[in-house]
Structures are given as structure tokens and as C-alpha cells.
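The opening residue of the sequence shown carries number 17 in my numbering; numbering runs sequentially from there. All C-beta atoms, glycine included, are put in the ideal place defined by N, C-alpha and C.
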Amino acid sequence: LNKGKVMRINSTHPLISQKNIYGSKRILDFLKKVEEEDNVLILSTGGGSSMFEVLNPNISLYQAKKAMSILLKNNADCRVINYTRRCCSDIKGGKLLKYIKSKKIITFIVSDDVLTRGNKGCAMHVASEIGRASCRERV
Numbered sequence: 017l018n019k020g021k022v023m024r025i026n027s028t029h030p031l032i033s034q035k036n037i038y039g040s041k042r043i044l045d046f047l048k049k050v051e052e053e054d055n056v057l058i059l060s061t062g063g064g065s066s067m068f069e070v071l072n073p074n075i076s077l078y079q080a081k082k083a084m085s086i087l088l089k090n091n092a093d094c095r096v097i098n099y100t101r102r103c104c105s106d107i108k109g110g111k112l113l114k115y116i117k118s119k120k121i122i123t124f125i126v127s128d129d130v131l132t133r134g135n136k137g138c139a140m141h142v143a144s145e146i147g148r149a150s151c152r153e154r155v
């Protein structure tokens, strides 16, 4: 591997922090340089919904963290948590695609949600959102 082509980003989970915002903005800076003919490979793993985050400009880190703390403390359903994250985000729910010029995006989603936590398909719910957003934006 060429060291210049791999980035390691540290972040926190389940609550976002300034580390997450900083690292995610570094990733966006990289994605903005990708050309239309380049291939983009995205690996989304467990925890990605909090670890990769750029907030909507109208939402502060404090507000997003507070909302998530309340939901987690009250054992909210993962669909409610993901919906809230999507509303607070400038990249979730297909919005990441506005930063990527490439027409060739391959996404791998790896999660143990369904098997270990019994969340009735949270990972699949997120995967279907990515698929719908990709079709909407790219067709």
C-alpha cells in the first residue's frame, strides 16, 4: 500500500465528538478531489453512523450530542436514532453524494447488528437508504 493513499481517522462512538467532525471533514476534502472517472470504494462498518459525521450547518455539536444522549438513555429504536442522525447531518441520507463527482461508487456494508443485538435490520435499513439515495442522485 502507498502510505499517501490510506488515511487513518480516529473518532468516537456512540456519541459524536470534535474528533469525528475533524476526521470526517478530512475525508470530505479527499472526496472533493475525486474525478468523475475515478472509482470510489466505501466500506461502512458498525459504528459508522456516529463515527463519520459532518453536521448540518444549523445544528451545533452540542445539540446533536444532547439529542443522541437522550435517545440512547431512553433506549430509542435504532430507526429513530438513525432518523435523528440523518436530520442533524449534512452527509447522511444520500447527502454525501453531493460531495462525490465519481459515477463509479461501490459500497460494502459490514455489520453485526441483526445477529447480535436483534435490532430487526438496522444495518439493512441503512443499506436500503444508501441504495435509494444512490439511485435518486445518479439516474
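Quick one: using the 10 Å Cβ neighbour count with 16 as the cut-off for buried, is GLY64 buried or exposed? Looking at its Cβ environment, which holds 16 or more other Cβ atoms inside 10 Å, GLY64 is buried.
In the DSSP output, which residue or residues are listed as bridge partners for ILE121? Looking at the DSSP assignment, ILE121 forms a beta bridge with VAL56.
Beta-carbon proximity check, LEU31 vs SER85, cutoff 8 Å: Going by C-beta atoms, LEU31 is nearer than 8 Å to SER85.
Less than 7 Å separating the Cβ of ILE121 from some heavy atom of the ligand SAM? Of ligands this structure carries none, so the ligand SAM is not represented either.
For LEU71, three-class secondary structure by DSSP: LEU71: strand per DSSP, three-state reduction.
So, do the region 61-81 and the region 28-47 have three or more beta carbon pairs nearer to each other than 8 Å? By the Cβ test, the region 61-81 is in contact with the region 28-47, since at least three Cβ pairs between them sit closer than 8 Å.
Ordered along the chain, which non-local residues of its own chain (more than five positions away) have a Cβ less than 6 Å from that of LEU59? Counting only Cβ-Cβ distances below 6 Å, and skipping sequence neighbours, we find PHE124.
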